[in-house]
Ligand code: IPM
Ligand code: MN
């Protein structure tokens, strides 16, 4: 039996997570697996009503559960950054989910916007670091008169380098945000990427950075990558700059097998990855702590304008559910779900709007369940 925390969240969150849950229930009951869902109301609605975001008491409770299944958070009524930082990032950090695993896989039956690229050409993993880099939240926005502390920090950091001559009387606004990575934090994610390549029999690990400009943090990243790679002599390696890799994702996606990236670049390149695999409606992700509580979610957002229209594609959420079961060790059930999704996509009779069809969110979920039942 698994105890799973479920957070539908905002916008289309409730609709897609309902389908994900339906599919997981259908598959697991066939295998005699019992799942207890513990639903939490966190998200914009709850925040606007109660002022509560992600309380520590809930996180504490979830510590004893097997995983978290998340819809999406984000709402135009709430200033950007609040829900993202206080719900999503807080949970990732609290459970030290240092891996953000994002498969980039073009399923059969899904059109890719890349001309002449087929499912065999687009099938790789992005392993995104998920707890460090520019996401640590160190920085400030201030003016010199009002906040001497920030000014002192900046003075120490930049010394003569800074071009602005700080004038203590100045009212001009300034802002800074610091990227931070650590050797152990980098080691564990790069190690995970190599182990994944080994497990999946993939022959290449590509590292992403911007070590030609951000020489400090990504210099350390590169050193660690080099060190870890020596433990895997059978796996080919390369360094790519983040700007260049966006070009190569489009030009030659078949080159990539496992891509390992620092947090922010990983965030950016996986939206591009989602597009080449047929869109955000398909792309799933897992925030993983291999020894702790992991959280699975579609990588798309809450799409508030599609809320309650039943037009959102639940496939990304369903695939995130399969990933959750896979990570819990229920490899067979996960595979059954993924295969059922693929059958629906190949057949194309039931197809959501983003893929050019007119089926509702519920119809897609139901069809996955039907295919799944037929296959067992
Ligand atoms: C993602 C999202 C989040 C991120 C936001 C909502 C904080 O874009 O999961 O990719 O940047 O990690
Ligand atoms: Mn993102």
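In my numbering, the protein residues as written are 44 to 419.
Where a beta carbon is used, it is the ideal one built from N, C-alpha and C, also for glycine.
Tell me which residues share the same chain as residue 416 and place their Cβ nearer than 7 Å to its Cβ, disregarding the 5 neighbours each side in the sequence.
In its chain, beyond the 5 residues on either side, 69 have a beta carbon closer than 7 Å to the beta carbon of residue 416.
Kindly indicate which residue of 120, 188, 231 and 369 has the alpha-carbon position closest to the one of residue 54.
Cα-wise, what sits closest to residue 54 is 120.
Proximity to residue 248 [Cα-Cα], best of 297, 75, 263 and 293:
The residue with the shortest Cα to Cα distance from residue 248 is 297.
Between the C-alpha atoms of residue 312 and residue 306, what's the straight-line distance to the nearest angstrom?
About 10 Å.
Helix, strand or coil, according to DSSP, for residue 211 in the structure here?
With a pLDDT of only 49 at residue 211, under 50, the local geometry of the prediction cannot be trusted, and the value read off the model is given with reservation. Three-state DSSP puts residue 211 in coil, outside helix and strand.
Can you give me the C-alpha to C-alpha distance between residue 400 and residue 354, rounded to a whole angstrom?
The straight-line gap from Cα to Cα measures roughly 10 Å.
Considering only heavy atoms of the ligand MN, does any lie closer than 6 Å to the CB of residue 382?
At a threshold of 6 Å, residue 382 does not count as near the ligand MN, since its beta carbon sits no closer than that to any of the ligand's heavy atoms.
Alpha-carbon spacing of residue 91 relative to residue 219, whole angstroms:
Between the alpha carbons of residue 91 and residue 219 lies a distance of about 30 Å.
Looking at the structure shown, is residue 16 part of a helix, part of a strand, or coil, going by DSSP?
The first residue shown for the chain is 44 and the last is 419, placing residue 16 beyond what the model contains.
Quick one: using the 10 Å Cβ neighbour count with 16 as the cut-off for buried, is residue 165 buried or exposed?
With 16 or more Cβ atoms within 10 Å of its Cβ, residue 165 is classed as buried.
Near residue 221, what residues of its chain come up, given a Cβ to Cβ distance below 7 Å and the 5 sequence neighbours on each side ignored?
If we look at residue 221 and ignore the five residues flanking it on each side, its Cβ neighbours are 181 and 182.
Just tell me which of 391, 403 and 318 has its CA closest to the CA of residue 151.
It is 391 whose Cα lies nearest to the Cα of residue 151.
Between the stretch 271-289 and the stretch 232-239, can you find at least three pairs of beta-carbon atoms closer than 8 Å?
The stretch 271-289 and the stretch 232-239 touch, with three or more beta-carbon pairs separated by less than 8 Å.
Does residue 79 come out as helix, strand or coil in the three-state DSSP assignment?
The three-state secondary structure of residue 79, taken from DSSP, is strand.
Is the beta carbon of residue 53 within less than 6 Å of some heavy atom of the ligand MN?
Outside the cutoff, so no.
Among the residues of its own chain, which have a CB less than 8 Å from the CB of residue 126, if the five just before and after it don't count?
These residues qualify, in order along the chain: 53, 86, 87, 90, 96, 116, 117 and 118.
Exercise answer, beta-carbon shell around the ligand IPM heavy atoms below 6 Å:
Around the ligand IPM, the residues whose beta-carbon falls short of 6 Å from at least one of its heavy atoms are 127, 131, 132, 310 and 342, given in chain order.
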